[in-house]
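Oh and the sequence shown: position 236 is 236 in UniProt numbering, straight run, nothing missing. Every residue, glycine too, gets a C-beta built ideally from N, C-alpha and C.
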Amino acid sequence: MGAGFGLGETSDGFGVRAVARRVGAVRRQLPVRGDRLLDVGCRDGDHVLALAEGYVRVDAVDVDPERLSALGARIAGTPLEDRVGVHKMSAEALAFDANTFDRVTAFDVVEHLDDLEGSLCEIHRVLRHGGAFSMTTSNRWCPFERNGVRWGGRRRSGLTAPFLPWVRPLHERMSPARSFSSQELGRLLRGHGLRVRAIDYLTPHVPESLQGASDALEGTPLRVFGAAMAVTAVKPGL
Numbered sequence: 001m002g003a004g005f006g007l008g009e010t011s012d013g014f015g016v017r018a019v020a021r022r023v024g025a026v027r028r029q030l031p032v033r034g035d036r037l038l039d040v041g042c043r044d045g046d047h048v049l050a051l052a053e054g055y056v057r058v059d060a061v062d063v064d065p066e067r068l069s070a071l072g073a074r075i076a077g078t079p080l081e082d083r084v085g086v087h088k089m090s091a092e093a094l095a096f097d098a099n100t101f102d103r104v105t106a107f108d109v110v111e112h113l114d115d116l117e118g119s120l121c122e123i124h125r126v127l128r129h130g131g132a133f134s135m136t137t138s139n140r141w142c143p144f145e146r147n148g149v150r151w152g153g154r155r156r157s158g159l160t161a162p163f164l165p166w167v168r169p170l171h172e173r174m175s176p177a178r179s180f181s182s183q184e185l186g187r188l189l190r191g192h193g194l195r196v197r198a199i200d201y202l203t204p205h206v207p208e209s210l211q212g213a214s215d216a217l218e219g220t221p222l223r224v225f226g227a228a229m230a231v232t233a234v235k236p237g238l
């Protein structure tokens with residue numbers, strides 16, 4: 001990621017392999033190239049920098065000023081400095097004109113948004129007709145909540161509450177984040193004027209010794225129990 005730009009190693013919590021797998025998933029669903037790219041919830045830039053070479057202009061938004069500062073520091077003095085705009089901005093109030101972007105991305109973001117409906121309205125608004133929205137998000141059919149759980153007055157590992165995502169009322173009370181089934185995501189995106197093009201499943205991060213087996217599962221029916229989904233949906237043309 002970012003080879004040739006001197007951007008350093010991935011600095012967020014995902015890790016190089018996790019970033020590469022998420023970016024690779026959305027690349028396979030639809031080529032990542034065009035004039036304008038917007039990454040919503042960019043953190044300190046690992047995903048958006050992996051995609052930047054395919055676009056003339058890139059904008060990255062987040063609500064956390066420290067993460068935005070980290071992204072600014074990563075691109076300072078590199079060829080990307082003049083092509084990547086870094087903005088403090090929330091997903092439900094995107095300060096861009098309508099029909100601006102060829103692609104909008106959001107990696108592991110939508111499950112955390114306070115105003116999901118408003119954010120999807122904004123994403124649809126800023127997408128050009130024929131443009132695509134790609135995201136990764138939590139899969140409801142994964143037996144473990146990957147964002148942790150709250151019980152007994154403490155934040156705990158999702159491993160302590162197996163099958164919690166399958167019991168929606170409990171999950172909504174105990175989890176700090178949403179999770180979705182593919183059917184729920186499809187309805188949600190269609191309800192905001194987006195047509196689903198592809199949905200794929202991603203297995204969880206595992207130790208290196210198990211990565212081959214984990215990757216192999218993505219080619220079997222067991223993939224529907226993966227930790228995350230990668231989804232691409234298109235805004236229909238005029």
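Pull up the distance between the alpha-carbon of residue i and that of residue j, whole angstroms please.
i, j, result
"A177", "C142", "14 Å"
"R173", "T78", "45 Å"
"F96", "L116", "18 Å"
"A198", "T137", "14 Å"
"A70", "D44", "5 Å"
"P65", "H87", "9 Å"
"R74", "R67", "11 Å"
"M229", "T105", "13 Å"
"P221", "R140", "16 Å"
"R223", "V234", "24 Å"
Taking buried to mean at least 16 other C-beta atoms within 10 Å of its own C-beta, is residue i buried or exposed?
i, result
"W169", "A quick correction: the sequence has Pro, not Trp, at residue 169. Label assigned to P169: exposed."
"T203", "buried"
"D82", "exposed"
Which of the three DSSP states, helix, strand or coil, is assigned to residue i?
i, result
"T203", "coil"
"H87", "strand"
"D46", "helix"
"R140", "coil"
"A132", "strand"
State the start and end residues of the unbroken alpha helix (DSSP H) segment that holds residue i.
i, result
"A69", "The residue you asked about is not Ala; residue 69 is Ser in the sequence shown. It spans 65-75 - the alpha helix (DSSP H) in which S69 sits, taken as one unbroken run."
"residue 239", "For the chain, the structure presents residues 1 to 238; residue 239 sits outside this window and is missing."
"V16", "16-29"
"L120", "116-126"
What first and last residue would you give for the beta strand (DSSP E) that runs through residue i?
i, result
"A34", "Reading off the sequence, residue 34 comes out as Gly, not Ala. Element bounds for G34: 34-40."
Worksheet item: Just checking, does the region 21-35 make contact with the region 50-63 on the three C-beta pairs under 8 Å criterion?
Response: These segments touch.
Item to complete: Flag this pair as touching only if the region 120-130 and the region 186-201 have three or more C-beta atom pairs under 8 Å; answer yes or no.
Response: Yes: at least three Cβ pairs fall under 8 Å.
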